[in-house]
Amino acid sequence: MSSSFAKKLADSDKKTRDKTFVAVAKWLGARETITALEAKKLWRGLFYSYWHADGRATQLDVANKMGALVHDLNRDVAMAYIEAFMWTMRTEWGGIDKHRMDKYCLLSRRVTHHALRFVGERGWDASEALAGAMASGIFGDSNRGIGFKLHIAGSFLTELEAVCAGVSGLELEEGEEEVDGGVAVPIASEDLSRLVETFVQALQREESAVLHKRMREELFAPLADASRMWDKPGAPRLTPNSMKKLCEVAITLGAENGVDDACREALYELHALLKKGASKTVKEATARGEDPEAEEIAPAKKKKKAAKNGVEMNGKKEKKKKKEKSQKNDGGADEDDDDAKEAATKEKKRRKREKRLAEEEAMEKRSTKKQKKAKKRDVEREADVANGSSEPNGSKLLAMRALDRANTASPTPSLESYDSGSMSPRSKRLMWNDDAVTYSFPDVRGPINTNRGKRNLRLTPTKTIFRPIHGKTHKAPLSAPNPSKTSSKLGPSASKSKRPAESFF
242 MSSSFAKKLA DSDKKTRDKT FVAVAKWLGA RETITALEAK KLWRGLFYSY
292 WHADGRATQL DVANKMGALV HDLNRDVAMA YIEAFMWTMR TEWGGIDKHR
342 MDKYCLLSRR VTHHALRFVG ERGWDASEAL AGAMASGIFG DSNRGIGFKL
392 HIAGSFLTEL EAVCAGVSGL ELEEGEEEVD GGVAVPIASE DLSRLVETFV
442 QALQREESAV LHKRMREELF APLADASRMW DKPGAPRLTP NSMKKLCEVA
492 ITLGAENGVD DACREALYEL HALLKKGASK TVKEATARGE DPEAEEIAPA
542 KKKKKAAKNG VEMNGKKEKK KKKEKSQKND GGADEDDDDA KEAATKEKKR
592 RKREKRLAEE EAMEKRSTKK QKKAKKRDVE READVANGSS EPNGSKLLAM
642 RALDRANTAS PTPSLESYDS GSMSPRSKRL MWNDDAVTYS FPDVRGPINT
692 NRGKRNLRLT PTKTIFRPIH GKTHKAPLSA PNPSKTSSKL GPSASKSKRP
742 AESFF
């Protein structure tokens with residue numbers, strides 16, 4: 242059933258896509274459970290359905306519909322839906338071109354917002370289930386989707402703050418209407434700690450220094466800020482006890498065997514950051530006469546304490562500021578100044594977003610390249626094992642691959658140019674053909690004979706690379722042609738070779 246939905250969701254006809262989405266919503270709403278495979282098939286179709294959404298208004302509408310669908314689902318089905326979304330975005334992120342990156346960033350933020358709102362409206366009881374979905378969906382594979390992980394690390398706290406405040410959290414463009422953000426659902430420190438612990442555990446597996454920095458700056462540092470308790474009343478915050486528990490998690494994960502050095506360093510830095518934040522929060526709360534473990538401080542109480550401690554602006558300064566503002570308005574400050582300031586702010590945000598997207602795209606390319614190299618290395622290693630070779634430098638296969646790469650990098654010259662001496666030394670060194678004449682590859686067990694090439698060559702390691710050596714001073718294997726005939730074909734320069742026939746090891 243989900244396969245047929247996926248095909249119709251990715252259809253090029255808009256009416257077909259809209260009709261299928263309504264059918265999917267009804268089908269999911271009637272289910273008590275759904276398998277991970279069914280959810281992934283559905284989200285593969287939804288991903289390419291969103292691919293066809295053109296225009297900011299259409300993209301925002303479709304993204305909100307896809308995210309808001311969770312509110313009509315059973316809890317288990319909703320968690321499977323959210324996890325499949327995160328898995329799909331992680332696996333498909335590398336294939337998104339730069340022209341569509343903004344629209345998929347919007348989809349990611351809207352679905353994340355509705356996922357947090359779904360859990361929050363149910364009293365955050367499902368925070369542990371959401372943390373598990375995030376762990377397997379976002380950080381399930383450390384070698385894929387680094388761009389998506391960077392985006393989630395940078396936007397997670399922003400979306401959580403919007404959910405707690407009951408706003409949409411969208412940066413609306415001119416002419417756009419505000420999107421319903423639902424009711425305000427403040428989150429307790431214990432529930433927040435469960436969600437944040439997912440990112441702490443990810444630090445143990447993710448080796449990307451860029452991702453470590455993004456998590457520290459956009460997520461951990463704001464939560465460890467001691468003044469957050471008073472500057473943003475009602476916003477998600479960690480109590481000192483919650484910070485200490487996360488400190489223990491970080492130090493335990495960092496001390497385990499087999500952890501990468503960069504990951505261990507990031508975990509230890511997080512431990513120091515949270516420990517310092519907990520200490521500062523306790524000191525500042527004590528100085529203000531507040532309970533550091535209080536989940537929330539009323540705004541009125543906060544204002545009174547701030548004034549008592551000299552933080553609030555005094556009356557003279559406030560009057561002076563109002564007077565200057567009034568004089569500026571009376572002096573002919575027109576709307577152009579405000580428009581210019583607003584345009585500059587938007588331009589600054591746009592440049593920051595473009596810089597972040599470029600950083601994510603570059604990181605994704607490096608990750609993909611690294612993954613391809615690792616896969617190729619695994620295939621070659623399996624081939625070596627299958628051929629009974631466990632010695633990397635004495636491997637017949639590796640020697641043959643070295644010649645193959647050399648031959649690909651350098652064109653094979655004609656026999657006439659070889660005999661005439663017009664070839665460069667590099668060309669001579671890389672030349673062979675498929676006339677079934679034997680090559681010689683040195684090995685600890687003696688020469689390895691292969692029916693490949695025309696010249697009788699010996700490979701010797703020179704600065705960790707394979708280099709074919711020509712010359713009649715090299716001993717030919719038993720099955721090779723007559724050395725005297727072979728050396729006569731190599732031309733007059735071949736007999737002048739001074740390189741000895743050294744052992745491969």
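Residue numbers (our numbering): 242 to 746. All residues carry an ideal CB built from backbone N, CA and C; glycine is no exception.
Buried or exposed for Ser663, please, with buried defined as at least 16 other CB atoms from any protein chain shown within 10 angstroms of its CB. At Ser663, the pLDDT of 47 sits below 50, so the modelled position is not reliable and the matter cannot be decided from this model.
To which residues of the same chain is Ala450 closer than 7 Å at the C-beta, ignoring the five residues directly before and after it? Sequence-distant partners of Ala450 (beyond 5 residues in either direction) whose C-beta falls short of 7 Å from its own C-beta, in its chain, are Ala503.
Between the C-alpha atoms of Glu553 and Arg529, what's the straight-line distance to the nearest angstrom? Confidence is the limiting factor: at Glu553 the pLDDT is only 38, short of 50, which leaves the residue's position unreliable and the question unanswerable from this model.
In whole angstroms, what is the alpha-carbon distance linking Gln445 and Pro533? One alpha carbon belongs to Gln445, the other to Pro533, and they sit about 30 Å apart.
So for Asp501, helix, strand or coil by DSSP? The answer is coil: DSSP assigns Asp501 none of H, G, I, E or B.
In this structure, does DSSP put Arg331 in helix, strand or coil? Arg331 falls in the helix class under three-state DSSP.
Whole angstroms are fine: how far does the CA of Lys249 sit from the CA of Glu621? Taking the straight line from one Cα to the other gives about 41 Å.
Out of Gly335, Thr399, Ala370, Lys486, which one is the CA nearest neighbour of Ile323? That would be Ala370, whose Cα lies nearest to the Cα of Ile323.
Which residues in the same chain have their Cβ closer than 7 Å to the Cβ of Ala443, if we skip the five residues on either side of it in sequence? Around Ala443: Phe380.
Since Arg457 and Ala372 are thought to touch, with beta carbons under 8 Å apart, how far apart are those beta carbons, to the nearest angstrom? Not quite, the Cβ-Cβ distance comes to about 19 Å (not below 8 Å), so this is no contact.
Where does Phe380 fall in DSSP's three states? Phe380 falls in the coil class under three-state DSSP.
Look at the Cβ atom of Glu525, then the Cβ atom of Ala467, and state whether they are nearer than 7 Å. Taking 7 Å as the cut-off, the beta carbon of Glu525 is found closer than this to the beta carbon of Ala467.
Residues in its own chain within less than 6 Å of Gly296 by CB, not counting five upstream and five downstream? Within the same chain, and ignoring the five residues on either side of Gly296 in sequence, no residue has its Cβ closer than 6 Å to its Cβ.
Is it buried or exposed, Leu413, if we count other Cβ atoms within 10 angstroms and call 16 or more buried? By the neighbour-count rule (16 or more Cβ atoms within 10 Å), Leu413 is not buried but exposed.
Can you name, in chain order, every residue of its own chain whose Cβ lies under 8 Å from the Cβ of Asp421, other than the five neighbours on each side? Answer for Asp421: Ser409, listed in chain order.
Closer than 8 Å by C-beta to Arg341: which residues in its own chain qualify, once you throw out the five before and the five after it? Chain order, please. The answer, listed in chain order, is Trp292.
Decide if Asn498 is buried, meaning its Cβ has at least 16 other Cβ atoms within 10 Å, or exposed. Asn498 comes out exposed.
Report the residue from His354, Met327, His392 whose alpha carbon sits nearest the alpha carbon of Leu411. It is His354.
Taking Cβ to Cβ, would you say Gly378 is nearer than 7 Å to Met327? A Cβ-Cβ contact shorter than 7 Å links Gly378 with Met327.
Other residues of its chain near Val424: CB distance less than 8 Å, five sequence neighbours each side excluded: Within the same chain, Val424 has close Cβ partners Glu362, Gly407.
Selection from Leu283, Phe359, Glu279, Lys267 that minimises the alpha carbon distance to Ala251: If we check each option's Cα against that of Ala251, Leu283 comes out closest.
Is His312 buried or exposed, if buried means 16 or more other CB atoms sit within 10 Å of its CB? Burial call: exposed.
For Phe288 versus Thr329, is the C-beta spacing smaller than 7 Å? Yes. Within cutoff.
Cβ atoms of Leu357 and Leu398: under 7 Å apart, would you say? In this structure, Leu357 does not lie closer than 7 Å to Leu398 by Cβ.
With Arg272 as the anchor, note down where its alpha helix (DSSP H) starts and where it stops. Neither: Arg272 is in no alpha helix (DSSP H) and is coded neither H nor E.
Whole-angstrom C-beta distance between Ala304 and Leu347, which should lie under 8 Å: Confirmed, Cβ separation roughly 5 Å.
To the nearest angstrom, report how far apart Glu510 and Gly270 are at their CA atoms. Taking the straight line from one Cα to the other gives about 45 Å.
Three-state secondary structure assigned by DSSP to Trp292: Look at Trp292 here: in three-state DSSP terms it is helix.
Under the rule that 16 or more other beta-carbon atoms within 10 Å means buried, what is Thr522, buried or exposed? So Thr522 ends up on the buried side.
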